[in-house]
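Residue numbers (the numbering used here), protein chains in the order written: chain A, 1 to 170; chain B, 1 to 424.
The following block contains the structure:
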């Protein structure tokens with residue numbers, strides 16, 4: 001009798017285990033993943049997710065003038081949409097948050113431009129063009145020399161001025 | 001707004017400036033008290049028949065109906081230079097009662113408009129630090145086990161305009177309406193993450209939307225694997241397009257931006273991505289120039305929705321003060337109300353079901369004798385957090401950059417019964 005109870009218990013456990021396994025593993029048929037079409041790559045601060053390719057400040061300026069300046073201003077300082085300026089203002093009552101004054105990581109710029117810009121024609125730029133516009137916006141902020149070609153390796157190396165300006169919320 | 005006659009029963013006072021005892025409030029229907037509660041409308045003589053009492057009404061409708069009152073609509077808050085597609089619309093809190101927000105009135109905040117997604121062409125992909133990357137289509141996801149929870153959703157920028165120096169003369173919804181509540185139904189996210197198999201080094205999940213903004217946010221794995229869900233239904237019906245159809249992430253208690261709409265992919269990582277939304281935006285810049293990042297849980301908060309901004313008290317008498325309270329740190333434990341700008345307080349009735357991240361409806365009777373008053377509510381949550389005053393909430397905040405603001409809302413009632421927003 002005892003053996004029977006034990007066996008029953010094991011059987012019951014087995015059923016439970018199978019049910020749990022089904023719940024978490026393949027309850028419904030999943031599909032294969034196509035990296036090219038199923039997600040936008042995430043450009044992280046360590047450079048993972050950044051594509052190959054490169055762009056120059058000059059190429060970026062050309063794209064910026066035709067596709068970005070209308071909202072951000074030719075000098076990147078349009079009120080409400082400023083990308084440059086504001087250095088040293090964060091600890092004042094008149095803080096101006098821009099890429100140069102506030103953003104802690106340069107990779108964020110690539111990630112955001114590739115997915116969300118230009119507004120109204122998102123995801124229309126090639127990887128090289130995104131590198132180029134990223135380069136130009138960094139250049140506007142005095143964070144990239146005019147003759148540097150930006151790629152995954154050079155982008156990750158850029159030290160943003162406000163890198164140490166954040167702390168994790170308790 | 002509930003409006004009662006001057007000949008109210010003999011209430012006892014519970015705090016200054018006319019606040020009455022909550023203990024008597026919900027027993028009013030019992031016995032003789034009801035007779036004197038509401039000023040009766042005496043039946044007029046004659047035999048006239050109103051038009052709706054004769055002849056058939058409209059046939060049943062396929063979907064919904066027009067709202068019963070034309071005024072029942074969201075307010076557009078168009079503060080974005082790009083236009084309405086990157087703007088917000090707020091729930092008209094002052095026109096609603098109870099705790100659930102009708103789907104047509106849930107607040108909206110989009111970064112690049114509402115996409116029209118073909119559900120048969122939509123995939124949810126899990127990739128990154130997983131044993132096997134997976135894609136799911138909508139039909140497959142509909143067959144997963146689901147859970148339902150009543151939860152608040154609040155935009156990180158809700159009540160932002162109350163942080164400005166000038167107290168704007170707006171309605172409760174116009175000022176604080178980027179908070180809504182729904183019964184959300186969906187798949188516990190860990191079912192899907194488990195199926196893909198999390199790598200031991202996984203610490204964050206980066207969620208991405210399928211909208212033009214490709215909105216992406218890093219979610220701590222502890223949140224993603226505890227009570228986060230892949231939401232597919234809202235108040236019983238498939239999500240509205242404006243709320244993420246066919247599917248959205250839902251992270252209970254956290255700033256709305258984290259609950260990425262039109263969810264397309266989840267990348268499991270060993271670091272946050274530091275996306276634009278979690279660095280440039282939605283971080284809390286302090287007066288010393290430092291910024292708090294990943295301040296995801298919404299603080300304990302309450303708003304009196306009636307009487308509230310731009311309402312008129314028609315005459316002296318007893319009114320029900322009523323409002324909503326919620327917390328991202330747990331459940332609401334108590335709500336106190338003041339009618340004298342915070343000098344004296346008394347506890348309101350919490351008259352709806354209490355639960356984790358579930359908004360409650362509070363009520364308390366108040367006798368307005370025609371005197372000026374400042375009405376306030378202050379919520380306390382199960383973690384012991386007390387809703388701060390406006391000045392406490394703004395103490396270390398850089399002016400103009402206030403996300404996660406949960407200061408006490410003050411409504412001033414003047415001698416004519418006009419109610420308006422005031423900084424007190």
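All residues carry an ideal CB built from backbone N, CA and C; glycine is no exception.
Taking contact to mean at least 3 C-beta pairs separated by less than 8 Å, is the segment 288-303 of chain B in contact with the segment 377-394 of chain B?
-> yes
By Cβ distance below 8 Å, which residues in the same chain neighbour residue 26 (chain B) in space, the five residues on each side in sequence not counted?
-> 349, 351 and 363
Write down every uninterrupted run of the beta strand (DSSP E) in the segment 265-320 of chain B whose length is 3 residues or greater and which is fully enclosed by it, in chain order.
-> 291-293 and 301-306
May I have the straight-line CA-CA distance separating residue 38 (chain A) from residue 243 (chain B), to the nearest angstrom?
-> 21 Å
Identify the continuous alpha helix (DSSP H) that holds residue 60 (chain A) and give its terminal residues.
-> 57-67
Residue 182 (chain B) versus residue 99 (chain B): straight-line alpha-carbon distance, rounded = 8 Å
How big is the Cα-Cα spacing for residue 17 (chain A) and residue 195 (chain B)?
-> Confidence in residue 17 (chain A) is poor, its pLDDT being 39 and thus under 50, which makes the residue's placement too unreliable to answer from.
Show which residues of chain B have a CB atom less than 9 Å away from the CB atom of residue 45 (chain A).
-> 271, 272, 273 and 274
Return helix, strand or coil for residue 163 (chain A), following the three-state DSSP convention.
-> coil
With 16 other CB atoms within 10 Å as the buried threshold, where does residue 34 (chain A) fall?
-> exposed
Grab me the residues of residue 43 (chain A)'s own chain with a C-beta within less than 6 Å of its C-beta, minus the 5 sequence neighbours each way, in chain order.
-> 49, 50, 107, 110 and 111
State the DSSP-derived secondary structure class of residue 419 (chain B), mapped to helix, strand or coil.
-> strand
Is the CB-CB distance between residue 47 (chain A) and residue 128 (chain A) below 7 Å?
-> no
Under the three-state DSSP convention, the category residue 15 (chain B) falls into = strand
Counting contacts by CB-CB distance shorter than 7 Å, is residue 166 (chain A) in contact with chain B?
-> yes
Starting from residue 336 (chain B), trace the beta strand (DSSP E) both ways and give me its first and last residue.
-> 332-338
Please report the Cβ distance between residue 425 (chain B) and residue 295 (chain B), rounded to the nearest whole angstrom; I am assuming they are in contact, meaning their Cβ atoms lie under 8 Å.
-> Beyond the ends of chain B as shown, which are 1 and 424, falls residue 425 (chain B); an answer cannot be given.
Report all residues from its chain with a CB closer than 7 Å to the CB of residue 207 (chain B); omit the five preceding and five following residues, and keep chain order.
-> 216, 217, 219, 249, 260, 263 and 266
Count the other C-beta atoms from every protein chain shown that fall within 10 angstroms of the C-beta of residue 237 (chain B), then say buried if there are 16 or more, exposed otherwise.
-> exposed
Span separating the alpha-carbon of residue 133 (chain B) from that of residue 53 (chain A) = 26 Å
Applying a beta-carbon distance threshold of less than 9 Å, which residues of chain B neighbour residue 32 (chain A)?
-> 133, 134 and 135
Return the first residue and the last residue of the beta strand (DSSP E) that residue 127 (chain B) is part of.
-> 123-128
Under 7 Å, do residue 365 (chain B) and residue 20 (chain B) count as touching if we go by C-beta distance?
-> yes
Identify the residues that DSSP records as bridge partners of residue 325 (chain B): which are they?
-> B:302 and B:360
The segment 151-171 of chain B touching the segment 399-408 of chain B, judged by at least three CB pairs closer than 8 Å = yes
Cβ neighbours of residue 328 (chain B) in the same chain (closer than 7 Å, five flanking residues each side left out) | 253, 254, 297, 298, 299 and 357
Proximal chain C residues relative to residue 90 (chain A), where beta-carbon distance stays under 7 Å = The question asks about chain C, but that chain is absent: this structure's protein chains are A and B.
Check whether the Cβ atoms of residue 212 (chain B) and residue 280 (chain B) lie closer than 7 Å to each other.
-> no
Helix, strand or coil: how does DSSP classify residue 32 (chain B) here?
-> Note on residue 32 (chain B): pLDDT 40, under 50, position unreliable in the model; no value is reported.
What are the residues of the segment 201-226 of chain B that lie near chain A, defined by any Cβ-Cβ distance shorter than 7 Å?
-> 206, 208, 212, 213, 214 and 216
Who are the near neighbours of residue 185 (chain B) in its chain, counting only those whose CB is closer than 6 Å to its CB and skipping five residues on each side?
-> 146, 148 and 233
Residues that residue 204 (chain B) bridges to, as DSSP identifies them = B:220 and B:269
Per-residue DSSP class, three states only, for residue 70 (chain A) | helix
Excluding the five sequence neighbours on either side, which residues of its own chain have a C-beta within less than 6 Å of the C-beta of residue 223 (chain B), listed in chain order?
-> 251
Which bits of chain B does residue 39 (chain A) rub up against, with CB to CB less than 8 Å?
-> 125, 127, 208, 264, 265 and 267
At which residues does the alpha helix (DSSP H) containing residue 186 (chain B) begin and terminate?
-> No alpha helix (DSSP H) holds residue 186 (chain B); the beta strand (DSSP E) holding it covers 179-188.
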